[in-house]
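K.L.:
If you read the sequence shown in UniProt numbering, its first letter stands for residue 1, the second for the next number, and so on.
Yeah, the Cβ is synthetic: ideal placement off N, Cα and C, and Gly gets one too.
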Amino acid sequence: MERLGKNRGIADLESPADSRKSLYSSFVWTDYKAQLQRRVKAEDLPKYFHLTESEKIGIQETIRLNVGTTPYYLSLSDPEDPNCPIRKMIVPRREESFFSPEETLDPLHEEDLSPVKGLTHMYPDRVLLFSNHECSVYCRHCMRGRKVSDSTERMETADLELCFDYIRNHPEISDVVISGGDPLNLSDSKIDWILENLEKISHVKICRLGTRNPVTLPMRITTDLCKIVESHNTDRLSIFCNTQFNHEKECTSEAKEAILKLLKAGVSVGNQCVILKGINDDEETMLRLHRKLLELRIRAYYMYDPELIPGSRGFRTPLAKGIQIIEYMRGKVAGMGIPQFVNDLPGGGGKVSLGPNWYLGFHKPSRNHVFRSAVRGTYHLSPEPVGSEYEEFYPEISEETWSKLLQNSYSAFKGLGPLGESGK
Ligand code: SF4
């Protein structure tokens, strides 16, 4: 396979496997600062991968964020297989160089909803605090690629102080999501300072850390960091962590160790995956990921439909895929392992959840709701309570549909009428 010209000399000397061995043995693996110092950038990729033509074009012509990966995350990727899911999240491909007309830099209108630099106030009681622009790995699908990895988006101390002032002056804000960038790429002292400031604002009750470091740099979850987080996880402030595992290959023993440390610090951990074309957009892959996450003691939270960001055509999947995945998972893993499939509406409309149509509607004459079983595909009845004033609230089932259902149904409620009597 042909290599990039500017890297030909290096690539000819060592195979990707040998280059990786040299890299991994050149520092203390568990030292997170050394992992960040040895981060692999775009110009290094030909050393560590046999690149395809599409990847070479992607690296040269990407219109998205910079390339960067920790050696740890690199070690989860395959140097030879371009279909490796981890590799696809690290290495740009040709599709990233197209800016389609429906795509925008800021599809969620976060900037329009930003009263001060680095703060988005979309929902009345919650704000998003953009703490920093850096991450351990720059994920190719990142929805905040317009800011992340861009040093001009750096948040200075004075910027953060203005954010705290805004939160202080808005007593309706009880929940602060700290994201970026990755807040756990800040120094321990800066994290301590941010949490201390939030803890002092009496109406802020909840703080959510949005971090991918348990996935991309688990050694960052140090005992010292956990002590800091625990010291602010008090009666006054409850700290949660939302992370983003997208594939079971990411569920390593190092990741599990990091999660256990957070849990011991009293931090509940949830997962917000993104459904990504060719990476995890099939039922079995998502099921295996979420089973693994439960083993890591992580509860499922969201499965995001990818945003309409520039260069996203390589990642976006039809909406139906997400719905099919949720339908498939129901009954095969505990409910706490099934995420909500959400679309964060373009234009700043907020999140809506989407799911399979298990509720068919209300049959007025018999006063029964009709459901389709997610596990068996059979139809089941549940009566509306006697005296209910909500009968007009439900979508109505026609007599025609009702009689078709009678042919193939089973009632979980014995003696409830025709479906119960004709149950199979
Ligand atoms: S870690 Fe999060 S913020 Fe950073 S590049 Fe990945 S998705 Fe974007």
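Along the beta strand (DSSP E) that carries Pro383, what are the first and last residues, could you check?
P.N.:
Counting along the chain, the beta strand (DSSP E) containing Pro383 begins and ends at 379-383.
K.L.:
Which word fits Gln272, buried or exposed, when buried means at least 16 other C-beta atoms lie within 10 angstroms of its C-beta?
P.N.:
Buried.
K.L.:
Under 8 Å, do Phe371 and Tyr390 count as touching if we go by C-beta distance?
P.N.:
No, the Cβ-Cβ distance between Phe371 and Tyr390 is not below 8 Å.
K.L.:
Out of Asp31, Leu129, Glu196, Glu153, which has the shortest C-alpha to C-alpha gap to Cys163?
P.N.:
Considering only alpha carbons, the answer is Leu129.
K.L.:
At what residues does the beta strand (DSSP E) containing Lys351 begin and finish?
P.N.:
Counting along the chain, the beta strand (DSSP E) containing Lys351 begins and ends at 350-354.
K.L.:
Give a single yes or no on whether Tyr73 has its beta carbon closer than 7 Å to a heavy atom of the ligand SF4.
P.N.:
The answer is no for Tyr73.
K.L.:
Am I right that His133 and Asp150 are in contact with their C-beta atoms under 8 Å? What's the rounded C-beta distance?
P.N.:
Right, their Cβ atoms sit about 6 Å apart.
K.L.:
For my contact list, Asp175 and Lys117 are in at a C-beta cut-off of 8 Å; report their separation, rounded to the angstrom.
P.N.:
20 Å between Cβ atoms; not a contact.
K.L.:
With a threshold of 7 Å (Cβ to nearest heavy atom), would Gly180 be considered close to the ligand SF4?
P.N.:
Correct: Gly180 has its Cβ closer than 7 Å to the ligand SF4.
K.L.:
Can you tell me the Cβ-Cβ gap for Arg20 and Pro115, rounded? I've got them flagged as a contact below 8 Å.
P.N.:
So it is not a contact: roughly 46 Å between Cβ atoms.
K.L.:
Would you call the region 277-293 and the region 228-242 in contact, with 3 or more CB pairs under 8 Å?
P.N.:
The answer is no - the region 228-242 does not touch the region 277-293, with fewer than three Cβ pairs under 8 Å.
K.L.:
If we count the other Cβ atoms within 10 Å of its Cβ and call it buried at 16 or more, is Gln60 buried or exposed?
P.N.:
So Gln60 counts as exposed.
K.L.:
Alpha carbon to alpha carbon, what distance is there between Gly387 and Trp193?
P.N.:
Each residue's alpha carbon lies about 56 Å from the other.
K.L.:
What is the residue span of the alpha helix (DSSP H) that Gln35 lies within?
P.N.:
That run of the alpha helix (DSSP H) goes 32-37.
K.L.:
Based on the DSSP output, what are the partners of residue 475 in its beta bridges?
P.N.:
For residue 475 there is no data in the structure shown, the boundaries of the chain being 1 and 424.
K.L.:
Please confirm whether Ile309 and Leu354 have their CB atoms less than 8 Å apart.
P.N.:
In this structure, Leu354 does not lie closer than 8 Å to Ile309 by Cβ.
K.L.:
Could you spell out the range, first to last residue, of the alpha helix (DSSP H) harbouring Gln60?
P.N.:
Where Gln60 is concerned, the enclosing alpha helix (DSSP H) stretches over 53-61.
K.L.:
Determine the DSSP secondary structure at Val177, reduced to helix, strand or coil.
P.N.:
Three-state DSSP puts Val177 in a strand.
K.L.:
Give me the Cα-Cα distance between Glu14 and Ile167, rounded to the nearest whole angstrom.
P.N.:
For Glu14 and Ile167, the distance between alpha carbons rounds to 53 Å.
K.L.:
If contacts are defined as beta-carbon pairs under 8 Å, then Cys241 and Val267 qualify, I think. What distance do you get, rounded to the angstrom?
P.N.:
So it is a contact: roughly 5 Å between Cβ atoms.
K.L.:
What residues in its chain sit with their C-beta under 7 Å from that of Lys249, if we drop five residues either side in the sequence?
P.N.:
Closer than 7 Å at Cβ, skipping near neighbours: Leu76, Pro85, Ile86.
K.L.:
Alpha carbon to alpha carbon, how far is Tyr379 from Lys404? Give it in angstroms, no decimals.
P.N.:
For Lys404 and Tyr379, the distance between alpha carbons rounds to 11 Å.
K.L.:
Look at Glu96 and Thr62 and say whether their C-beta atoms are less than 8 Å apart.
P.N.:
Result yes, Cβ atoms of Glu96 and Thr62 sit closer than 8 Å.
K.L.:
Figure out for me which residue from Ser189, Glu295, Ala374 has the closest Cα to the Cα of Gly337.
P.N.:
Considering only alpha carbons, the answer is Glu295.
K.L.:
Is residue 439 near the ligand SF4, going by C-beta to nearest heavy atom under 7 Å?
P.N.:
Only positions 1 to 424 of the chain appear in the structure, and residue 439 is not among them; the question remains open.
K.L.:
Within 10 angstroms of the Cβ of Lys261, are there 16 or more other Cβ atoms? Answer buried if so, exposed if not.
P.N.:
With 16 or more Cβ atoms within 10 Å of its Cβ, Lys261 is classed as buried.
K.L.:
Between which two residues does the alpha helix (DSSP H) carrying Thr70 extend?
P.N.:
From DSSP, Thr70 is part of no alpha helix (DSSP H); its letter is neither H nor E.
K.L.:
What is the C-beta distance between Asn368 and Pro385, in whole angstroms, given that I count them as a contact (C-beta under 8 Å)?
P.N.:
Contact flag wrong, Cβ pair sits at about 12 Å.
K.L.:
Might you give, ordered along the chain, the residues of its own chain that have their beta carbon closer than 8 Å to the beta carbon of residue 428, omitting 5 neighbours on each side?
P.N.:
Lying before the first or after the last residue shown, residue 428 is absent from the chain, which here runs from 1 to 424.
K.L.:
If you follow the alpha helix (DSSP H) that Cys84 is part of, which residue opens it and which one closes it?
P.N.:
Cys84 -> no alpha helix (DSSP H), and no H or E assigned at all.
K.L.:
Between Arg291 and Val342, is the Cβ-Cβ spacing less than 8 Å?
P.N.:
No, Cβ-Cβ distance for Arg291 and Val342 is not below 8 Å.
K.L.:
For the region 281-345, list the alpha helix (DSSP H) runs that are entirely contained and at least 4 residues long, ordered along the chain.
P.N.:
The region 281-345 contains these whole alpha helix (DSSP H) runs: 283-295, 319-329.
K.L.:
Does DSSP classify Val229 as helix, strand or coil?
P.N.:
Note: Val229 maps to helix in three-state DSSP.
K.L.:
Can you find a heavy atom of the ligand SF4 that lies under 7 Å from the Cβ of Gln244?
P.N.:
Because some heavy atom of the ligand SF4 lies under 7 Å away, the Cβ of Gln244 counts as near it: yes.
K.L.:
Give the DSSP-derived three-state secondary structure of Asn357 in the structure shown.
P.N.:
Of the three classes helix, strand and coil, the one that applies to Asn357 here is coil, per DSSP.
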